[in-house]
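Worksheet: the structure to be examined is printed underneath.
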Amino acid sequence: MPALYLYSLEDRAHVATVTGADHATVEAKADEIYGSNDYGWTYSPAFGADGGLMENGGAEEICL
């Protein structure tokens, strides 16, 4: 099951994780709920690494 991590482009804060049966399913859901130019997606979040996402503890978990 792939996990797609969504984040704010402003501060790279992790806002949601979408998991589902395949990449097409999770990407479609991510586009539906976070489809604006304010958010980015990644399958490799690299939390805490230079250029990685910042964990905020309040990210939404969406399981399809």
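All letters in the sequence shown, in the order written, are residues 120 to 183 by the numbering used here.
Just so you know, even glycine gets a beta-carbon here, dropped at the ideal spot from N, CA and C.
Y153 and L125 look like a contact to me (Cβ under 8 Å); what is the Cβ gap, rounded to whole Å? Within the sequence shown, numbered from 1, the residue matching residue 153 stands at position 34. Within the sequence shown, numbered from 1, the residue matching residue 125 stands at position 6. Their Cβ separation, rounded to whole angstroms, is 5 Å, which keeps Y153 and L125 in contact under 8 Å.
What is the residue span of the beta strand (DSSP E) that E180 lies within? As a first step, residue 180 is located in the sequence shown; it is residue number 61 there, counting from the start. Note, E180: beta strand (DSSP E), E179 to C182.
Span of the beta strand (DSSP E), counted from its first residue to its last, around Y162: As a first step, residue 162 must be located in the sequence shown, where it is residue number 43. Careful: Y162 lies outside any beta strand (DSSP E) and carries neither H nor E.
Near L172, which residues of its chain fall below 6 Å by C-beta distance, leaving aside the five closest residues on each side in sequence? The count along the sequence shown starts at 1 and reaches residue 172 at position 53. Same-chain partners within the cutoff: Y126, R131, H133, P164 and F166.
Between G176, E129, D141 and D150, which has its C-alpha nearest G170's C-alpha? Within the sequence shown, the letter at position 51 stands for residue 170. Nearest C-alpha to G170: E129.
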